[in-house]
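Chains as they are written, first to last, in our numbering: chain A, 995 to 1108; chain B, 1006 to 1118. Beta carbons: idealized from backbone N, C-alpha and C, even for Gly.
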Amino acid sequence: EAGVAQSPRYKIIEKRQSVAFWCNPISGHATLYWYQQILGQGPKLLIQFQNNGVVDDSQLPKDRFSAERLKGVDSTLKIQPAKLEDSAVYLCASSFDGRGYEQYFGPGTRLTVT
Amino acid sequence: KQEVTQIPAALSVPEGENLVLNCSFTDSAIYNLQWFRQDPGKGLTSLLLIQSSQREQTSGRLNASLDKSSGRSTLYIAASQPGDSATYLCAVRYSGSARQLTFGSGTQLTVLP
């Protein structure tokens, strides 16, 4: 069974530029999560999708971050414009559903904003 | 506020030693608790998941325990190996409709050959 795929793996941009990350969850998983992990900290949930609807985006900085999950499969996370403090690893995870099933994580995208 | 704390932040042990990693959480109303391993530059790998009704789970050399009343979980690693070197993260899924994972900051483990 293929795992959660993410791309790109690494990205370096200058502040005020925009960037987009892509995630393909495990086939059949209805729930998709985006996390932000700052160096030395645990992952923090940014947004949770159930199929193509948003369950929780309370910690997403909506003035600069946006995410979508068209057709309830792949998802993209966008930052526009980026700030220095956005430097982090962005992790995508999926689970069968959002009621407590085990989450499976992708390898992450390491973003550096200079 | 529902928080998860892991102490120590870093731990170094000689190969072959048995060790315990600690995780504490502020609210005993949890749905389950999960231990993850994270290697440098990699995503998270799930090690063990303990449901709220369980006291422990075992997988190979790993044993995780859960004590809801005291708000604590431990991950026991037997006969540690250099390949066990990684960051170990504890995550709690609190009860409620959201049931999202709340992560600790992790313990960075180094096993010296």
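Rounded C-alpha distance that separates residue i from residue j
| i | j | result |
| --- | --- | --- |
| Tyr1004/A | Phe1041/B | 22 Å |
| Ser1058/B | Ser1033/B | 12 Å |
| Ser1017/B | Gln1011/B | 15 Å |
| Ala1014/A | Pro1101/A | 16 Å |
| Arg1060/B | Arg1093/A | 21 Å |
| Glu1096/A | Leu1038/B | 10 Å |
| Ser1081/A | Ser1075/B | 36 Å |
| Gln1074/A | Val998/A | 25 Å |
| Lys1073/B | Leu1054/A | 30 Å |
| Thr1025/A | Gln1042/A | 7 Å |
Residue-chain proximity (residue i, chain A), Cβ-Cβ < 8 Å
| i | result |
| --- | --- |
| Leu1049/B | yes |
| Arg1104/B | yes |
| Ser1029/B | no |
| Leu1054/B | yes |
| Ser1110/B | yes |
| Ser1094/B | The residue you asked about is not Ser; residue 1094/B is Leu in the sequence shown. Yes, its Cβ sits closer than 8 Å to a Cβ of chain A. |
Contact check, residue i vs residue j, beta carbons under 8 Å
| i | j | result |
| --- | --- | --- |
| Tyr1084/A | Leu1064/A | no |
| Leu1071/B | Leu1080/B | no |
| Lys1038/A | Tyr1027/A | no |
| Lys1009/A | Lys1077/A | yes |
| Ser1110/B | Ala1014/B | yes |
| Asp1091/A | Gln1105/B | no |
| Phe1099/A | Leu1049/B | yes |
| Leu1094/B | Pro1019/B | no |
| Ala1096/B | Val1009/B | yes |
| Gly1022/A | Asn1046/A | no |
| Ala1083/B | Asn1023/B | yes |
CB contact below 8 Å: residue i versus chain B
| i | result |
| --- | --- |
| Glu1079/A | no |
| Pro1037/A | yes |
| Arg1063/A | no |
| Phe1015/A | no |
| Phe1099/A | yes |
| Leu1085/A | yes |
| Gln1044/A | no |
| Arg1058/A | no |
| Glu1008/A | no |
| Gly1102/A | yes |
| Gly1047/A | no |
Supposed contact pair residue j and residue i - C-beta distance, whole angstroms, cut 8 Å
| i | j | result |
| --- | --- | --- |
| Ile1035/B | Arg1098/B | 7 Å |
| Leu1054/B | Asp1089/B | Wrong, their Cβ atoms sit about 19 Å apart, outside the cutoff. |
| Ser1052/A | Glu1062/A | Not confirmed; about 17 Å, so no contact. |
Residue i: CB within 7 Å of a non-hydrogen atom of the ligand COA
| i | result |
| --- | --- |
| Gln1086/B | Looking at this structure, you won't find the ligand COA or any other ligand, since it has none at all. |
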